[in-house]
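For reference, the structure is listed below as C-alpha cells.
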Amino acid sequence: MNSMFFAADVIGLIILFLILLNLGSNHTGKKKADDRIFSALTIVNVFGLLADMMNTSVLVRDGGAVMWLTASAAFTTSIAACALWFIYCGFITDENICGLNKYLIICFVPLTAASALKYYSPLIMVSDGRFDLFFSIIYCMYYALSLIIILKTLFKAERPGANYILKHLYILPLLMIVCEIVKILGMPEEISWLGHMVGIVVIFLNIQNLRLAFDGLTGIYNRMYFEKYLDRQLRSRRQPLFLLMADINKFKSINDNLGHTVGDDALKTTAELIKKSVREDNLVARIGGDEFVVVGKCTGESEAQEALENIRKNISRYNKMQLKPYTVSLSAGYCVINPESVQGAADVISEADRMMYMEKVKFAAKPVPDEPAD
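The numbers in the UniProt record's numbering rise by one with no breaks, and the one at position 6 of the sequence shown is 6.
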C-alpha cells in the first residue's frame, strides 16, 4: 500500500510541475493576481506531496527527528493550502483582493489556534505525525464553508459568464471533504494531498477552457463565447434582450497610415471604452476585426439607447484628451429581442448587423457628437 501511494505522489508531482510550467504570462507579459494565487496554491501542493512521500518512505519508519520534521512540514503546508484556497475563492468571487479580510479573519484565527494546540499540546499531537480527527473536522468545515461561498456568489451573480467562471471551483472543496471523511472513517494512508492535486488539475483544465472564451488582444469575450451566451439566453426566453453591434469607423485607415501596432491599440482602447460605458451585467465581446457587440437584459429600447449614449459620451471625452494619434469613432446599431421570439442567434446577429450598416451609411462622414452639456 505504501509503495502505491508513493508512486501516486511521484505522478502527482510530475503533473503539478507540468501545470506550473504552463501557467505562463498573459499577452501583456504579466500574471494576473488570480494566476499568482493559483501558482502559490500549486507550489504548496508540491511541498505537501513531498512531505507525504517522506512520511511513506522508509526514512521515517523508526520515528525520530526526521519523522517530526516531515510531519510538521505536512501540517504547515496543509494550513497554507487551506488559507490559500480561501484567498483564491475570495478573489475569484469578489474580484477584489481588498475584499478578502472577512474571509481571512474566519480562516486564520481558528487555524492559528489549532496550530498552537498541535505543536504544544501532547493530547493532540499524534505519535505518527498524521492528522487526527480534530484536524480532519476543522478542514472539512473550512472546505465546506468555501463551497458555500462559491454557491452563494453563483446564485446572486449578475455578471454574464458567472457560471462559466465559478463552476470549476466546486471540485476541489468537494474532493477535500470526501478525503477528510475517508480519513475519519479509518483510511490508513494520507490521501488529502492526492485529492488536492486532482482538484488543482481540474481547476487548471477549466482555467484553460475559460481562457478560450476571451479575446487575446482586448481581454473581452470573443465570438465563440458570445454566440454560446446569446444562444443560451434565447433558449431560456426569460426576458427581453438588446443586442448592440458596433464597428470602428475608418479602422483600415488607422492600420494603413499608422501601422498595425497602433491599430491593435485602437482595438484595445475601444474595448475598454465600451466596457466601462455599459452595465456590469452586460456582455461585451469582440466578434472579429473591428466589430464589437453588447448584450444586455432590458424592458424595451431604453436600455440599448442608454448604453449607446454612454459609449458615445465616453468616446467623445476620450477623443478630447488627444492621448493617441487617432480618434475613435463608432457606427452602431441595435435590436431588441422579445423572449417569445423564435429567432435563432444567427437571425438576431443579422438584424443587429443590418441596423449597424444603416447607421454606418448614414453617419460615416459625420464626426463623433460632442459631449452633451450636463
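Here a beta-carbon is modelled for each residue, glycine too, at the ideal position from N, C-alpha and C.
These figures come from a predicted structure and were not determined experimentally.
(Q) How far does the beta strand (DSSP E) with Ser331 in it extend, from its first residue to its last? (A) For the purposes of this step, residue 331 is taken as residue 331 along the sequence shown, with counting starting at 1. Per DSSP, the continuous beta strand (DSSP E) segment holding Ser331 begins and ends at 330 to 337.
Q. What's the call for Glu340, buried or exposed, on a 16-neighbour Cβ count within 10 Å?
A. Position 340 of the sequence shown, counted from the start, is the residue given in the question as residue 340. Glu340 should be labelled exposed.
Q. Can you list, in chain order, the residues of its chain whose CB lies under 6 angstroms from that of Tyr357, leaving out five sequence neighbours each side?
A. In the sequence shown, the residue the question calls residue 357 occupies position 357. Here the set comprises nothing.
Q.
I'd like to know whether the C-beta atoms of Val46 and Leu16 end up nearer to each other than 8 angstroms.
A. Indexing the sequence shown from 1 puts residue 46 at position 46. Indexing the sequence shown from 1 puts residue 16 at position 16. Yes, Cβ-Cβ distance for Val46 and Leu16 is below 8 angstroms.
Q) What do you get for Arg286, buried or exposed, if any count of 16 or more other CB atoms within 10 angstroms of its CB means buried? A) Numbered from 1 along the sequence shown, position 286 holds the residue referred to as residue 286. By the 10 Å Cβ count, Arg286 comes out buried.
Q: Count the other CB atoms, across all protein chains shown, that sit within 10 Å of the CB of Asn257; report buried if there are 16 or more and exposed otherwise.
A: Taking the first residue of the sequence shown as 1, we reach residue 257 at position 257. Taking a 10 Å sphere around the C-beta of Asn257, we find fewer than 16 other C-beta atoms and assign the residue as exposed.
Q | Contact set for Ser192: own chain, Cβ-Cβ below 6 angstroms, skip 5 residues either direction | A | Walking along the sequence shown from the start, residue 192 turns up at place 192. Closer than 6 angstroms at Cβ, skipping near neighbours: Cys179.
Q: Pair every Cβ in the region 215 to 225 with every Cβ in the region 262 to 277, then say whether three or more of these pairs are closer than 8 angstroms.
A: Judged by Cβ distances under 8 angstroms, the region 215 to 225 makes contact with the region 262 to 277, as three or more pairs qualify.
Q) What are the boundary residues of the beta strand (DSSP E) that includes Ile287? A) Residue 287 sits at position 287 when you count from the first residue of the sequence shown. Residues 283 to 288.
**Q.** Sub-8 angstroms separation of Ser146 and Trp85 beta-carbons
**A.** To locate residue 146, count along the sequence shown from 1; it is residue 146. To locate residue 85, count along the sequence shown from 1; it is residue 85. Taking 8 angstroms as the Cβ cut-off, Ser146 and Trp85 qualify as a contacting pair.
Q) Would you call the CB atoms of Val201 and His168 closer than 8 angstroms? A) Working through the sequence shown from its first residue, we reach residue 201 at position 201. Working through the sequence shown from its first residue, we reach residue 168 at position 168. Their beta carbons are not under 8 angstroms apart, which means Val201 does not touch His168 by this criterion.
Q.
If the criterion is Cβ atoms closer than 8 angstroms, does the pair Leu330 and Ile349 meet it?
A. In the sequence shown, the residue the question calls residue 330 occupies position 330. In the sequence shown, the residue the question calls residue 349 occupies position 349. No. Outside cutoff.
Q. Which class does Glu291 belong to by DSSP, given the choice of helix, strand or coil?
A. Walking along the sequence shown from the start, residue 291 turns up at place 291. When DSSP states are grouped into helix, strand and coil, Glu291 belongs to the strand group.
Q: Would you mind stating whether Met245 and Gly300 have Cβ atoms separated by less than 8 angstroms?
A: Walking along the sequence shown from the start, residue 245 turns up at place 245. Walking along the sequence shown from the start, residue 300 turns up at place 300. No, Cβ-Cβ distance for Met245 and Gly300 is not below 8 angstroms.
Q. Out of curiosity, what's the CA-to-CA distance linking Glu359 and Lys320?
A. Taking the first residue of the sequence shown as 1, we reach residue 359 at position 359. Taking the first residue of the sequence shown as 1, we reach residue 320 at position 320. Cα to Cα, Glu359 sits roughly 23 angstroms from Lys320.
Q: For Leu241, name the three-state secondary structure that DSSP assigns.
A: Residue mapping note: residue 241 aligns to position 241 of the sequence shown, counting from 1. In the three-state reduction of the DSSP assignment, Leu241 falls in the strand class, which pools E and B.
(Q) According to DSSP, is residue 401 part of a helix, a strand, or is it coil? (A) Outside the displayed span of the chain (1 to 374) sits residue 401, for which this structure offers no information.
Q. Buried or exposed: where does Val10 fall if 16 or more other Cβ atoms within 10 Å of its Cβ makes it buried?
A. Within the sequence shown, the letter at position 10 stands for residue 10. Around the beta carbon of Val10, fewer than 16 other beta carbons sit within 10 angstroms, so the residue counts as exposed.
Q) Are the beta-carbon atoms of Ile92 and Asp35 separated by less than 8 angstroms? A) Taking the sequence shown and counting its residues from 1, the one referred to as residue 92 is at position 92. Taking the sequence shown and counting its residues from 1, the one referred to as residue 35 is at position 35. No. Outside cutoff.
**Q.** CA-to-CA distance, Glu351 to Gln305, given in whole angstroms
**A.** Residue 305 sits at position 305 when you count from the first residue of the sequence shown. Residue 351 sits at position 351 when you count from the first residue of the sequence shown. Their Cα atoms are separated by approximately 16 angstroms.
(Q) Counting only C-beta atoms, is Asp35 closer than 8 angstroms to chain C at any point? (A) No chain C is part of this structure, which consists of one protein chain only.
(Q) Please identify the residue among Leu243, Ile207, Ser78 whose C-alpha is closest to the C-alpha of Val336. (A) As a working note, residue 336 is residue 336 in the sequence shown. The shortest Cα separation from Val336 among Leu243, Ile207, Ser78 belongs to Leu243.
Q. CA-CA distance, Arg232 and Glu291?
A. Along the sequence shown, one-based indexing puts residue 232 at 232. Along the sequence shown, one-based indexing puts residue 291 at 291. Between the alpha carbons of Arg232 and Glu291 lies a gap of roughly 21 angstroms.
Q | For Gln208 and Ile19, the rounded distance between their alpha carbons | A | The residue given as residue 19 occupies position 19 in the sequence shown. The residue given as residue 208 occupies position 208 in the sequence shown. Straight-line spacing of the CA atoms in Ile19 and Gln208 works out to 11 angstroms.
Q. Would you report the Cα separation of Ser72 and Val198, rounded to the nearest angstrom?
A. Position 72 of the sequence shown, counted from the first residue, corresponds to residue 72. Position 198 of the sequence shown, counted from the first residue, corresponds to residue 198. So the alpha carbons of these two residues sit roughly 23 angstroms apart.
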